[in-house]
Amino acid sequence: MDKEFPMKKTTAMVIAASTLLMLTGCGGGVSPSQSATEEVVEVSTNGKPLTLGLTYVPNVQFSPVYVAAEDSIFTSAGLGVSVRHHGADEGLFSALISGDEDVVIASGDEVLQARAQGVDIVSIGAFYQEYPVEIIVPEGSPITSFADLKGKRVGLPGEFGSNWFGLLAALDEAGLARDDITVVPVGFTQAASLVSGEVDAIVGFSNSDAVQLQEMDFAARSLPLPDDVPLVGASIITTQAWLADNERNAKHLVDSLTAAMDKIAANPTYALEVSAKWDDTLSDPGARAGAKATLAATIPLWVGEHGADATQDLERWEKMGPFLAEVLGDPAVAEHAEGAATNQYVSQ
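Take the sequence shown: its position 25, counted from the start at 1, is 25 in full-length UniProt numbering, and no numbers get skipped.
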């Protein structure tokens with residue numbers, strides 16, 4: 001790819017899989033069996049090196065990183081940043097644990113599960129301000145509330161990850177149990193499954209599956225999760241060990257990403273142009289149109305009424321521990337929730 005900033009690419013063997021990140025369902029998602037090759041791109045040579053991990057393949061949903069590189073936001077902050085898209089066969093936090101990555105964008109629910117397994121990681125900022133999972137039904141469906149899911153077929157990739165936790169939260173809100181519905185594992189074909197009538201509802205992302213249905217000209221409605229749902233979406237994650245030696249860099253990284261988010265909100269077309277330097281598929285007009293719609297649905301997850309803000313809802317983090325402990329049947333998840341997130345590195 002032709003990039004206008006200093007870069008260096010290296011290719012390496014991917015390591016064994018352990019966790020699948022359901023961050024945003026990029027491009028319909030990546031299944032646990034799907035392979036991709038790790039790619040590392042040096043985007044800034046200024047300052048102490050920092051490797052930022054992203055999932056699998058370039059996507060417009062990571063455009064704050066690309067814009068921060070293109071516009072020298074990282075460089076101006078004194079950061080020497082390399083961007084590493086994981087191989088799909090490696091665990092979400094494997095490179096973070098090994099030291100091949102210093103920071104990774106990951107879902108908060110995955111963080112608590114990892115901490116329960118002894119991984120000493122912490123969230124230093126919100127990448128998304130909202131949890132993007134929602135229940136999606138055909139426009140003419142009689143399902144108008146979560147309670148109406150009783151007896152219905154609900155499609156999702158499987159009983160894991162953010163889609164699964166979102167469904168459990170919806171059922172809990174309606175006073176339903178898992179056995180009150182028929183769970184249909186459809187892989188990452190939720191939109192197609194809803195269109196074909198294979199399922200009555202799907203669990204998807206507001207900035208992915210809902211967008212796909214719009215692009216397919218399929219009339220659908222979304223049932224968002226409650227505002228106080230005890231789940232946390234995409235976050236900026238690092239290890240306590242790295243943080244101890246890099247407090248200044250941690251703050252500058254969080255500030256750089258939010259600055260890029262504000263730039264994107266002001267000029268989405270520019271963000272698409274920058275993302276196209278990373279994602280070769282955007283040279284196709286159809287893919288470009290889809291990316292434009294995805295970006296439009298993602299910007300509200302970054303930017304609120306007062307601009308981009310990485311401040312985390314620490315109360316929600318605290319509530320997520322007991323919720324996940326209950327649905328996963330693992331008390332250790334709640335026991336390790338304390339200290340999982342901090343706003344110390346977010347500019348107020």
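Built from N, CA and C at the ideal position, the CB exists for glycine as well. Please read these numbers as outputs of a predicted model, since none were measured by experiment.
Every beta strand (DSSP E) of 3 residues or more that sits fully in the segment 129 to 213 is shown, in chain order, as 133 to 138, 153 to 156, 182 to 185 and 201 to 205.
The beta carbon of P64 lies closer than 6 Å to those of L257, A260 and M261 in the same chain, with the five residues before and after it left out. E134 and S222 do touch by the CB rule: their CB atoms are close to 5 Å apart, below 8 Å. With distances taken between CA atoms, I121 lies nearest to I236 out of D255, I236 and L231. Straight across, the Cα-Cα distance linking R84 with K251 is about 20 Å. Among the bridge pairs identified by DSSP, L282 is matched with none. For the set V303, G286, D279 and W278, the Cα lying nearest the Cα of A265 is the one of V303. Residue burial annotation: H86 is buried, with at least 16 other C-beta atoms found within 10 angstroms of its C-beta. Here the C-alpha atom of A116 lies approximately 26 Å from the C-alpha atom of G187. Contact between L50 and G80 holds: CB atoms are separated by about 6 Å, below the 8 Å threshold. In the DSSP assignment, T239 falls within the beta strand (DSSP E) that extends over A234 to T239. Annotation: M216 to I299 spans about 21 Å, alpha carbon to alpha carbon. Looking from the CA of D228, the closest CA among A219, P285, V183 and P132 belongs to P132. Between the alpha carbons of G118 and A337 lies a gap of roughly 12 Å. For V122, the uninterrupted beta strand (DSSP E) run begins and ends at I121 to A126, by DSSP. Distance check between D89 and each of R288, I73, Y56 and A210 places Y56 closest, using alpha-carbon atoms only.
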